[in-house]
Structure formats: C-alpha cells, structure tokens
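Peer 1:
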Amino acid sequence: MRLSLQNRKNADALLKQLKGVLDLAGTAGYKVVGAKVISQGSTTSFTQSISIDVGSNSGVRSNMTVLSSYGIVGVVKYVYPNSALVQLASDPAFRIGARIAGSQQIGILSGQGTRRGVLQLLDNRTQIKKGDVLLARGSQGGRPFVPGVPIGSVTDVDNSPGAVTQTAEVKFYTNFSTLGVVAVVLSGEGTDPRDALVPPKPIPTPIPTVTVFVTPSPSPTN
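The numbering of the sequence shown is our numbering, which starts it at 3 and goes up by one.
1. Measuring CB to CB, does threonine 49 end up less than 9 Å from proline 83?
2. So, at 8 Å on beta carbons, what are the nonlocal neighbours of alanine 103 in its own chain, with the 5 sequence-adjacent residues on each side left out?
3. Using C-beta distances below 8 Å, list every residue in its chain close to leucine 24, excluding the 5 sequence neighbours before and after it, in chain order.
4. Helix, strand or coil: which one does DSSP assign to threonine 67?
5. Bridge partners for lysine 173 per DSSP, in chain order?
6. Using only the alpha-carbon positions, how far apart do phenylalanine 147 and valine 39 sit?
7. Short of 7 Å in beta carbon distance, which residues of its chain neighbour asparagine 126, apart from the five on each side in sequence? Order them along the chain.
8. Between Ala13, Gly28 and Tyr32, which has its C-alpha nearest proline 149's C-alpha?
9. Measure the C-alpha to C-alpha separation of arginine 145 and alanine 91 and round it to an integer number of angstroms.
10. Counting along the chain, where does the beta strand (DSSP E) carrying glycine 113 start and finish?
11. Can you look up lysine 131 in the DSSP assignment and give me helix, strand or coil?
12. Just to confirm my understanding: we take arginine 10, look at its own chain, exclude 5 residues before and 5 after, and list those with CB closer than 6 Å. What are they?
13. Select from Gly57, Pro202, Leu69 and Thr193 the residue whose C-alpha is nearest the C-alpha of alanine 86.
14. Quick check: what's the CA-CA separation for isoleucine 110 versus arginine 97?
15. Considering Cα atoms alone, identify which of Arg139, Lys18, Gly154 and Asp14 is closest to glycine 1.
16. Is the beta carbon of arginine 118 less than 9 Å from the beta carbon of glutamate 171?
Written out as structure tokens, the structure is:
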C-alpha cells in the first residue's frame with residue numbers, strides 16, 4: 003500500500019512537470035517533444051549531464067535547447083535513435099548568451115557546477131542589480147538556444163572598483179537535482195517571446211497580527 007502511494011506521488015509529480023513545461027513552450031510558441039530523464043550524472047565529456055528517452059527517431063538533433071517547467075535545463079550534445087545526452091546549464095563548461103529582462107543588456111552566463119551561475123556583462127553602461135531576471139538571448143537559427151527562455155535571477159553583484167566588466171551571481175530557476183520530465187525544442191526559429199516568460203514575482207506571505215484585548219480588573223471594594 004505504501005509503495006503504491008509513493009508510485010502515485012511520483013507519477014503525479016512527473017505529470018505536473020510535463021504540464022508545466024508544455025505550458026511554458028505553448029506560451030513561447032516553441033515546438034517541443036517531451037522527454038523523461040532516465041539518468042543523471044557525469045560523463046567523460048561533462049561533469050553535469052542527463053540522459054533522456056527521446057532521440058533522432060523523435061526529431062531530436064544536437065545543439066537543441068532543453069527546457070524544464072521553470073526554464074533552461076541545458077543543450078543536447080549527443081543523439082542516438084531513442085535517447086540523447088544533455089549538457090546541463092550547471093556544467094562548468096556550459097555557456098549561454100543572456101539578456102536582462104526589460105532591457106537590451108546582454109552578457110555571457112557560465113555554469114559553476116551547482117545551481118549558481120556567473121554572469122559577465124558585455125556593457126557597463128547599465129547597472130545590474132539583485133533580482134534582475136535573465137533570459138536566453140537566442141542563437142542564430144534558434145540553435146543551440148532559442149530566445150526568451152528563463153534562465154534565473156541575480157542574487158549578488160560584484161561592483162569591484164576598476165573592474166572592466168560587471169559580474170553577477172545568478173541562481174538558476176531550474177532545480178537540476180529534481181528533474182523528471184523535460185522538453186526538447188524542435189523548432190523555435192522566428193519565435194521570440196521577448197519578456198513573456200518572465201516568472202511572476204512571488205507574493206509575500208503576510209505577517210499575521212495578534213490583537214490582545216485587556217479587560218481591566220474590577221476595583222477592590224472596602
């Protein structure tokens with residue numbers, strides 16, 4: 003009974019991830035194919051990677067963008083008939099052109115082996131700040147990266163005096179350790195959702211207030 007309930011929870015979690023990534027792709031206008039993650043770990047080529055259960059028989063090719071329900075997962079590197087190897091965005095060798103949402107400021111984001119990445123801006127005329135949202139700038143022809151995919155948000159900024167470029171720490175939206183279902187973008191050329199995929203800002207939890215009523219004690223009688 004306990005095993006059956008756990009299997010049901012796992013299935014529900016995968017369905018939720020699938021719905022989320024299809025909703026994201028639908029909003030952007032990307033043509034995608036869903037995929038189940040069959041393994042995760044390091045390979046001879048990458049320290050951070052996953053294997054998925056779709057390949058060339060499903061239209062998957064190398065240098066295609068891979069998404070989660072929250073945004074960027076990585077890029078397809080090696081393709082087989084019914085599977086593919088994906089380099090995760092957290093891999094230290096991963097690089098992606100990024101744009102600050104709501105602006106034309108661009109930079110290069112590098113993986114760091116964790117859920118944190120480092121952004122190096124290419125122009126210092128605009129100050130980057132904590133909370134700024136990063137989106138994929140997009141590649142020519144939509145490969146390896148389609149434009150507009152959410153990447154993450156800025157958590158810290160290095161404003162060292164005399165620095166030639168601005169650098170910032172970024173937290174990826176995708177939690178790479180919990181990936182169960184992803185989607186490969188088969189076609190995104192000519193489609194640019196701009197800022198349409200920027201995640202809504204979280205609504206702060208209201209702080210409960212406690213009202214204390216004091217009842218005066220009756221005056222003593224003689």
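Virtual Cβ for every residue (Gly too), placed ideally from N, Cα, C. Since the model is a prediction, treat every value here as computed from it, not as a measurement.
Peer 2: According to the structure data:
1. Taking the first residue of the sequence shown as position 1, residue 49 is located at position 47. Taking the first residue of the sequence shown as position 1, residue 83 is located at position 81. Their beta carbons are not under 9 Å apart, which means threonine 49 does not touch proline 83 by this criterion.
2. By one-based count along the sequence shown, residue 103 stands at place 101. Only Asp134, Val135, Leu136, Leu137, Asp197 and Val200 meet the Cβ criterion.
3. As a first step, residue 24 is located in the sequence shown; it is residue number 22 there, counting from the start. Taken in chain order, the residues that qualify are Val34, Gly36 and Ala185.
4. The residue given as residue 67 occupies position 65 in the sequence shown. Threonine 67 falls in the strand class under three-state DSSP.
5. Taking the sequence shown and counting its residues from 1, the one referred to as residue 173 is at position 171. For lysine 173, which the question treats as bridged, DSSP gives the partners Arg118 and Ser155.
6. By 1-based counting over the sequence shown, the position of residue 147 is 145. By 1-based counting over the sequence shown, the position of residue 39 is 37. Roughly 20 Å between the two C-alpha positions.
7. If you number the sequence shown from 1, residue 126 lands on position 124. So the list reads Thr167 and Gln168, once near-sequence residues are dropped.
8. Along the sequence shown, read from residue 1 onward, the residue named residue 149 stands at position 147. Per the Cα distances, Tyr32.
9. Here residue 145 is taken as the residue at index 143 of the sequence shown, counted from 1. Here residue 91 is taken as the residue at index 89 of the sequence shown, counted from 1. Each residue's alpha carbon lies about 15 Å from the other.
10. Mapped onto the sequence shown, residue 113 falls at position 111. Annotation for glycine 113: the continuous beta strand (DSSP E) segment containing it runs 108–113.
11. Here residue 131 refers to the residue found at position 129 of the sequence shown. In the structure shown, lysine 131 falls within a coil segment according to DSSP collapsed to helix, strand and coil.
12. Position 8 of the sequence shown, counted from the start, is the residue given in the question as residue 10. Contacts found: none.
13. Within the sequence shown, residue 86 is the residue found at index 84, counting from 1. With distances taken between Cα atoms, alanine 86 lies closest to Gly57.
14. On the sequence shown, position 108 is the one that residue 110 refers to. On the sequence shown, position 95 is the one that residue 97 refers to. Approximately 7 Å, taken between the alpha carbons.
15. Because the chain in this structure spans residues 3 to 224, residue 1 falls outside the shown range and cannot be described.
16. To locate residue 118, count along the sequence shown from 1; it is residue 116. To locate residue 171, count along the sequence shown from 1; it is residue 169. Result yes, Cβ atoms of arginine 118 and glutamate 171 sit closer than 9 Å.
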